[in-house]
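Chemist: The structure that follows is given in the form of structure tokens.
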Amino acid sequence: MSCESRNYRQHPLVVIIYVKIFTIIKEDSKRVPDKNFANVNGNPLWWHLLSELEGLDVTVNTDSQKFIKQLRSSNLKSIKVIERLQKHIDWENDENVDSSPVEDMLFDFCKTVERSEVVVLTHVTSPFLKKQTILDAIDMLQKDPNSKSIHSVHRLQDFVWLKRATEAMPVNFCTDRVQRTQDLSPILVSKGAFFIAKAGDILDQRNRLPEPLLFFPLDHMQAIEVDNFGDLEFARRFGN
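Quick note on numbering: the working numbering labels position 152 of the sequence shown as 1022, and the sequence is numbered without any gaps.
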């Protein structure tokens, strides 16, 4: 049986790892209506990542009957679906709450798998993320015995300012001289492509990124996230 169908990667110095992939798909989106179902080069946005992960152990938490119908009519056969709990629907609809229920959904999912299993939280808003990149990140985490999680980032080596109210402060450069770009400390921009850790560590620390953590830089294409209309249009053009 192939490594892909068994959902693990093997390395001479690394124990065989079983992987569970978890993601969420919701019916509504505030910033971009029907975002997860937006047409991106002939297919809905959600299809791009899930088709890339076909053959792996993928579970989708959803409140969307539209997604379930589209999934059933697709050629994707290895995707499992669990319906969203009412507590998470209420959480998301409560305008007085300024947090997302995604992490709590992840905790519930982790309780259903073995503590030693690697869990990958990913998002379909990263349509160009590759399966091999996830597997490479898992390998990187397994080779570092001191780390408990690994997270996708976009590495930016440029002049960065932090704006607060009416003030802006330089983050990684000095304003009293012109520095060379290559001498600047790189900025790591968090990307929702993946958060990877063992289920037990996630539950013990009650965090999708238990510490200590590692960072996995993505290339420009895989770092694309669809969060607003501009992102969606860019993804459509980039994917052609």
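C-beta atoms are modelled at their ideal positions from N, C-alpha and C, and glycine is treated no differently.
#1: Under 8 Å, with one C-beta from each stretch per pair, do the segment 1009 to 1026 and the segment 910 to 919 reach the 3-pair mark?
#2: What does DSSP give as the partner residue(s) for valine 983 in the beta ladder?
#3: Looking at the strands, I want to know which residues DSSP matches up with methionine 1039.
#4: Give, in chain order, every unbroken run of the beta strand (DSSP E) that is at least 3 residues long and sits entirely within the segment 1047 to 1101.
#5: What does a CB cutoff of less than 7 Å around glutamine 940 pick up in its chain, not counting 5 residues either side in sequence?
#6: Taking Cβ to Cβ, would you say leucine 976 is nearer than 9 Å to arginine 901?
#7: What are the start and end residues of the alpha helix (DSSP H) that includes serine 943?
#8: Taking the alpha carbon of glutamate 987 as the point to measure from, which residue in Asp974, Thr893, Ala1067 and Arg1047 has its own alpha carbon closest?
#9: Kindly list the residues whose CB is nearer than 8 Å to the CB of cysteine 1044, restricted to its own chain and excluding five residues on each side of it in sequence; keep chain order.
#10: Report the three-state DSSP secondary structure of asparagine 913 (helix, strand or coil).
#11: Once the 5 residues before and after glutamate 897 are set aside, which same chain residues still bring their CB inside 7 Å of it?
#12: From this set, Leu1083, Lys1061 and Lys890, which residue's C-alpha is nearest phenylalanine 979's C-alpha?
#13: How should arginine 1050 be labelled, buried or exposed, when 16 other C-beta atoms within 10 angstroms of its C-beta is the threshold for buried?
#14: Kindly give me the distance between the Cβ atoms of glutamine 1027 and leucine 1054, rounded to whole angstroms, as I take these residues to be in contact under 8 Å.
#15: By the DSSP assignment, the alpha helix (DSSP H) with asparagine 963 in it spans what residues?
#16: Do you know offhand how far valine 1059's Cα is from lysine 950's?
#17: Just checking, does the segment 956 to 966 make contact with the segment 916 to 923 on the three C-beta pairs under 8 Å criterion?
#18: Am I right that glycine 1062 and glutamate 1095 are in contact with their C-beta atoms under 8 Å? What's the rounded C-beta distance?
#19: Taking all protein chains shown into account, decide if histidine 1041 is buried (16 or more other Cβ within 10 angstroms of its Cβ) or exposed.
#20: Between tryptophan 916 and proline 971, what straight-line distance do the alpha-carbon atoms span, to the nearest angstrom?
#21: Excluding the 5 residues preceding and the 5 following valine 967 in the sequence, name in chain order all residues of the same chain whose CB lies nearer than 7 Å to its CB.
#22: In whole angstroms, what is the alpha-carbon distance linking aspartate 904 and glutamate 953?
#23: Determine which residues share a DSSP beta bridge with valine 967 and list them.
#24: Would DSSP call threonine 1003 helix, strand or coil?
#25: Return the chain-ordered list of same chain residues with a C-beta closer than 8 Å to the C-beta of histidine 881, the five sequence neighbours on each side being excluded.
Modeler: The structure says:
#1: The segment 1009 to 1026, when compared against the segment 910 to 919, does not touch it at the 8 Å Cβ threshold.
#2: One-based indexing of the sequence shown puts residue 983 at position 113. None, per the DSSP bridge assignment.
#3: Numbered from 1 along the sequence shown, position 169 holds the residue referred to as residue 1039. The beta-bridge partner set that DSSP reports for methionine 1039 consists of Leu1032.
#4: Scanning the segment 1047 to 1101 from its first residue to its last, the whole beta strand (DSSP E) runs of 3-plus residues come out as 1057 to 1068 and 1083 to 1087.
#5: For the purposes of this step, residue 940 is taken as residue 70 along the sequence shown, with counting starting at 1. Within its own chain, the residues whose Cβ lies closer than 7 Å to the Cβ of glutamine 940, once the five positions on either side in sequence are excluded, are Pro914, listed in chain order.
#6: As a working note, residue 976 is residue 106 in the sequence shown. As a working note, residue 901 is residue 31 in the sequence shown. Note that the C-beta distance between leucine 976 and arginine 901 is not below 9 Å.
#7: The sequence position of residue 943 within the sequence shown is 73, counting from 1. Bounds of the alpha helix (DSSP H) holding serine 943 are 935 to 943.
#8: Within the sequence shown, the letter at position 117 stands for residue 987. Of the residues Asp974, Thr893, Ala1067 and Arg1047, the one whose Cα lies closest to the Cα of glutamate 987 is Ala1067.
#9: Here residue 1044 refers to the residue found at position 174 of the sequence shown. Result list for cysteine 1044: empty, nothing under 8 Å.
#10: Locating residue 913 in the sequence shown gives position 43, counting from the first residue. In the displayed model, asparagine 913 falls within a strand according to three-state DSSP.
#11: As a working note, residue 897 is residue 27 in the sequence shown. So the list reads Asp933, Ser934 and Lys936, once near-sequence residues are dropped.
#12: Reading the sequence shown from its first residue, position 109 is the one you call residue 979. Out of Leu1083, Lys1061 and Lys890, Lys890 has the C-alpha closest to the C-alpha of phenylalanine 979.
#13: Locating residue 1050 in the sequence shown gives position 180, where the first residue counts as 1. Taking all protein chains shown into account, arginine 1050 has fewer than 16 neighbouring C-beta atoms within 10 Å of its C-beta and is therefore exposed.
#14: As a working mapping, residue 1027 is identified with position 157 in the sequence shown. As a working mapping, residue 1054 is identified with position 184 in the sequence shown. Confirmed, about 6 Å.
#15: Taking the first residue of the sequence shown as 1, we reach residue 963 at position 93. 956 to 963 is the extent of the alpha helix (DSSP H) around asparagine 963.
#16: The count along the sequence shown starts at 1 and reaches residue 1059 at position 189. The count along the sequence shown starts at 1 and reaches residue 950 at position 80. The alpha-carbon atoms of valine 1059 and lysine 950 are separated by roughly 31 Å.
#17: These segments do not touch.
#18: Mapped onto the sequence shown, residue 1062 falls at position 192. Mapped onto the sequence shown, residue 1095 falls at position 225. Glutamate 1095 and glycine 1062 do touch by the CB rule: their CB atoms are close to 6 Å apart, below 8 Å.
#19: In the sequence shown, the residue the question calls residue 1041 occupies position 171. Before going on, a small fix: residue 1041 reads as valine here, not histidine. Flag for valine 1041 reads exposed.
#20: Here residue 916 corresponds to residue number 46 of the sequence shown, with the count starting at 1. Here residue 971 corresponds to residue number 101 of the sequence shown, with the count starting at 1. Approximately 19 Å between the Cα atoms of the pair.
#21: On the sequence shown, position 97 is the one that residue 967 refers to. The beta carbon of valine 967 sits closer than 7 Å to the beta carbons of Trp961 from its chain, once the five residues preceding and following it are set aside; these are given in chain order.
#22: Counted from its first residue, the sequence shown places residue 904 at position 34. Counted from its first residue, the sequence shown places residue 953 at position 83. The alpha-carbon atoms of aspartate 904 and glutamate 953 are separated by roughly 18 Å.
#23: Locating residue 967 in the sequence shown gives position 97, counting from the first residue. For valine 967, which the question treats as bridged, DSSP gives no partner whatsoever.
#24: Locating residue 1003 in the sequence shown gives position 133, counting from the first residue. Here threonine 1003 sits in helix by DSSP.
#25: Here the question's residue 881 lines up with position 11 in the sequence shown. In this predicted model, histidine 881 has a pLDDT of only 47, less than 50, meaning its place in the structure is not dependable; the value taken from the coordinates is given anyway. Asp1009, Gln1012 and Lys1013.
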